[in-house]
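Accompanying notes for the structure given below.
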Amino acid sequence: MPSPIFTTLLSILISYLLYHVIRTYYRLAHIPGPFWARFSNLPRVSWVKTMRAHEIHQELHRKYGNVVRMGPNMVSIADPDAIPVVYPPRAGFPKSKFYRAFIPHTPTGTPLPAIFTTQDEAQHKQLKSPIAPIYSLSNTTTLEPFVDQTLRLLTSELDKRFTNKKQLFDLGDWLQYFAFETMGTMTFSKRYGLLEEGRDVNGMLGAIWGFMLGVAPMTQIPWLDRLWNKSRLTALLKSPAAASPILKIVADAISQRKTLREEESALTAETETGAGSKAKSDFSTKSHKDFLDQFLDLQEANRNVQPWYIQAWTFSNVIAGSDSTASVMKSIMYNLISHPTTLQKLHDELTHNLPSPSPSPSPRPNPSSPTTTPSPITTTTTTTPHSPTEDLHLPQWKHLTPLPYLDAVINEGIRLHPPFCLALERVVPAPGMTICGVWVPGGTVVGMNPFVVNRDEAVFGPDGGVWRPERWLEGEEGDLGLGEGTRERRRRRRRRMEGSVLTFGAGRRVCMGKHVALLEIQKIVPALVLNYEFHMPDPASYTAENSYFFRQKGIDVEIRRRGFDV
1 MPSPIFTTLL
11 SILISYLLYH
21 VIRTYYRLAH
31 IPGPFWARFS
41 NLPRVSWVKT
51 MRAHEIHQEL
61 HRKYGNVVRM
71 GPNMVSIADP
81 DAIPVVYPPR
91 AGFPKSKFYR
101 AFIPHTPTGT
111 PLPAIFTTQD
121 EAQHKQLKSP
131 IAPIYSLSNT
141 TTLEPFVDQT
151 LRLLTSELDK
161 RFTNKKQLFD
171 LGDWLQYFAF
181 ETMGTMTFSK
191 RYGLLEEGRD
201 VNGMLGAIWG
211 FMLGVAPMTQ
221 IPWLDRLWNK
231 SRLTALLKSP
241 AAASPILKIV
251 ADAISQRKTL
261 REEESALTAE
271 TETGAGSKAK
281 SDFSTKSHKD
291 FLDQFLDLQE
301 ANRNVQPWYI
311 QAWTFSNVIA
321 GSDSTASVMK
331 SIMYNLISHP
341 TTLQKLHDEL
351 THNLPSPSPS
361 PSPRPNPSSP
371 TTTPSPITTT
381 TTTTPHSPTE
391 DLHLPQWKHL
401 TPLPYLDAVI
411 NEGIRLHPPF
421 CLALERVVPA
431 PGMTICGVWV
441 PGGTVVGMNP
451 FVVNRDEAVF
461 GPDGGVWRPE
471 RWLEGEEGDL
481 GLGEGTRERR
491 RRRRRRMEGS
501 VLTFGAGRRV
511 CMGKHVALLE
521 IQKIVPALVL
531 NYEFHMPDPA
541 SYTAENSYFF
551 RQKGIDVEIR
561 RRGFDV
């Protein structure tokens with residue numbers, strides 16, 4: 001028979017749990033939503049596990065309205081007018097524990113926060129302030145030669161493997177390789193070897209997707225991530241986390257670069273003192289500084305930049321700076337190819353407005369890339385491309401930015417399929433506030449799913465769920481004139497649409513890498529459209545999965561070089 005003490009303790013525990021459940025239920029009882037989601041976060045986990053949480057969230061908002069209770073303490077908002085409230089330009093709405101699941105742990109068990117993942121506003125400022133100028137538009141455009149170098153390699157490999165051969169291949173895979181190689185070149189002045197090999201050479205892509213598959217469900221129950229993935233006990237029992245290969249690549253690259261910089265510094269000192277006349281190393285011949293060099297320059301100039309900052313910044317470049325950009329590229333190219341009219345309109349604009357191409361140099365191996373020492377980031381010597389690539393048309397960024405239809409195409413791709421398709425969570429400050437006419441108590445987690453918000457019919461029209469770049473060039477419904485009033489209404493509608501797209505986040509925590517992503521996208525889309533014709537026999541082969549990162553497969557196409565007879 002149970003002892004009186006045990007019975008008393010059990011009664012207290014049951015009473016507390018009952019009180020907690022009742023209080024949690026009634027605290028947000030006035031907000032509609034699925035019944036079981038009022039008591040548990042397990043429905044949220046199950047939605048994520050289906051890899052179509054974005055569609056489920058959209059269906060729930062259609063059923064319950066703009067404000068939906070999706071968990072015991074989680075409310076989802078769908079009205080774009082709430083963006084400046086939930087994501088203000090100043091501190092006040094801190095990030096929720098959702099983001100803790102994304103923080104990797106180093107092999108020593110130390111968490112590695114980043115600008116995107118940290119909840120600490122002071123830490124966010126410490127991480128962001130030093131590198132904000134590096135990610136500015138003016139500095140980003142200096143990286144264009146890195147993009148051109150990778151574009152030439154991409155077209156060389158496409159020509160060698162697929163051009164004019166009537167051979168189906170998944171264009172999305174090659175866009176993924178391009179995005180990773182470009183960011184690798186921008187960050188390390190080296191390539192991973194994905195384009196040369198035409199495959200996931202070091203298992204990096206698989207590691208990142210594996211990382212996201214594990215993380216996404218845990219974002220819905222952050223305490224479980226802490227218990228299952230980040231505790232000391234499970235670290236002893238489980239295999240290394242999926243992020244570990246990426247952390248190793250980053251750590252090795254930083255170590256190698258520091259060694260090269262030290263050698264360069266010593267060599268410079270010898271030359272200046274006359275102690276040696278040895279020629280400078282290849283490392284010093286780079287005409288454009290990559291991200292890692294700029295990060296290390298900051299560390300040397302600023303004592304407040306700690307060593308782990310370099311690792312955090314570089315890790316973010318590899319993870320978020322590549323996969324997310326690739327997702328937008330896939331969205332744009334799939335929709336252009338599956339909507340030939342828009343593809344033709346874009347091609348016409350490009351050919352009518354861009355200067356004639358000048359002969360393109362062959363892809364050259366990066367002079368700073370060692371060819372004898374094995375490395376997690378490999379650089380292979382590129383072969384001279386055959387004749388089609390010699391007539392490659394690679395427009396310069398300065399010639400592309402004024403083109404309205406290209407701009408509309410890119411905006412439509414960014415809007416329609418954002419790379420992040422779960423709610424971007426924040427915590428309502430005390431004592432609470434009214435959002436979309438509904439009182440939300442302080443301490444409640446609120447969030448907006450970019451996939452849902454970006455398709456709002458009140459802003460983007462009744463066809464907000466379909467591909468139609470022309471919406472970015474139109475005024476209010478019925479505006480067909482060319483007068484100043486019509487132009488102003490068109491500008492006003494454009495501003496409202498731009499302010500309603502949540503793809504890059506908003507407010508204080510807007511994506512820092514936005515300009516880098518746009519540079520890559522603005523370069524690759526015209527390059528592919530100008531140089532290739534595409535045939536997609538079965539558009540239905542396209543599939544998409546959402547594990548926070550949005551991943552598309554099945555962009556199966558045949559390609560021909562434009563202007564070349566077979």
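Residue 1 is where the sequence shown starts when you use the UniProt record's numbering, and the numbers rise one by one after that.
For glycine and all other residues, C-beta sits at the position ideal for the given N, C-alpha and C.
If you check the CB distance, residue 314 and residue 187 come in under 8 angstroms. The residue among 550, 527, 14 and 548 with its C-alpha nearest the C-alpha of residue 178 is 527. DSSP places residue 294 in no beta strand (DSSP E) but in the uninterrupted alpha helix (DSSP H) bounded by 291-301. Apart from sequence neighbours up to five positions away, the residues of its chain that approach residue 523 with a beta-carbon distance below 6 angstroms are 147, ordered along the chain. One alpha carbon belongs to residue 150, the other to residue 189, and they sit about 11 angstroms apart. Boundaries for residue 321: no beta strand (DSSP E) harbours it, while the alpha helix (DSSP H) harbouring it runs 307-338, taken from the DSSP string. Between residue 328 and residue 521, the CB-CB gap stays under 8 angstroms. The beta-carbon distance between residue 469 and residue 268, rounded to whole angstroms, is 51 angstroms. This is too long to meet the 8 angstroms contact definition. In the structure shown, the three-state DSSP call for residue 87 is coil. Under the 10 Å beta carbon count, residue 166 is surrounded by fewer than 16 other beta carbons and is classified as exposed. Nearest Cα to residue 418 within the set 4, 30 and 55: 55. Between residue 88 and residue 508 a beta carbon distance of about 7 angstroms is seen, short of the 8 angstroms cut, so the two are scored as contacting. Under the DSSP assignment, residue 433 falls outside any alpha helix (DSSP H), being part of the beta strand (DSSP E) whose first and last residues are 432-435. As the crow flies, the alpha-carbon of residue 102 is around 44 angstroms from that of residue 391. For residue 76, the enclosing beta strand (DSSP E) has its first and last residue at 74-77. Beta-bridge partners of residue 111 (DSSP): 105.
The C-alpha of residue 349 lies about 12 angstroms from the C-alpha of residue 408. Judged by pairs of C-beta atoms under 8 angstroms, the segment 495-507 touches the segment 448-466, as three or more such pairs exist. For the segment 411-469, the full-length alpha helix (DSSP H) segments reaching 4 residues or more read 450-453 and 457-460 along the chain.
Between residue 62 and residue 33, the CB-CB gap reaches or exceeds 8 angstroms.
Going by C-alpha positions, residue 91 is about 38 angstroms away from residue 399.
When Cβ pairs closer than 8 angstroms are counted between the two stretches, the segment 439-449 is seen not to touch the segment 315-325, the count staying below three. Annotated three-state conformation of residue 162 is coil, per DSSP. Contact holds between the segment 512-521 and the segment 125-143, because three or more Cβ pairs, one in each stretch, are under 8 angstroms apart. When the Cα atoms are used, residue 270 and residue 295 turn out to be separated by approximately 25 angstroms. When C-alpha distances from residue 223 are compared across 466, 98, 486 and 440, the shortest belongs to 98. By the criterion of a C-beta distance shorter than 7 angstroms, residue 423 is surrounded in its chain by 76, 447, 448 and 449, once the five residues flanking it on both sides are discounted. When C-alpha distances from residue 257 are compared across 246, 297 and 8, the shortest belongs to 297. In terms of CA proximity to residue 326, 181 leads the group 303, 439, 52 and 181. Short of 8 angstroms from the beta carbon of residue 139, and not among the five residues preceding or following it, lie these beta carbons of its own chain, in chain order: 133.
Closest option to residue 114, judged by alpha-carbon separation, among 302, 42 and 511: 511.
Taking 8 angstroms as the cut-off, the Cβ atoms of residue 143 and residue 195 do not count as close.
Collapsing the DSSP output to three states places residue 177 in a helix.
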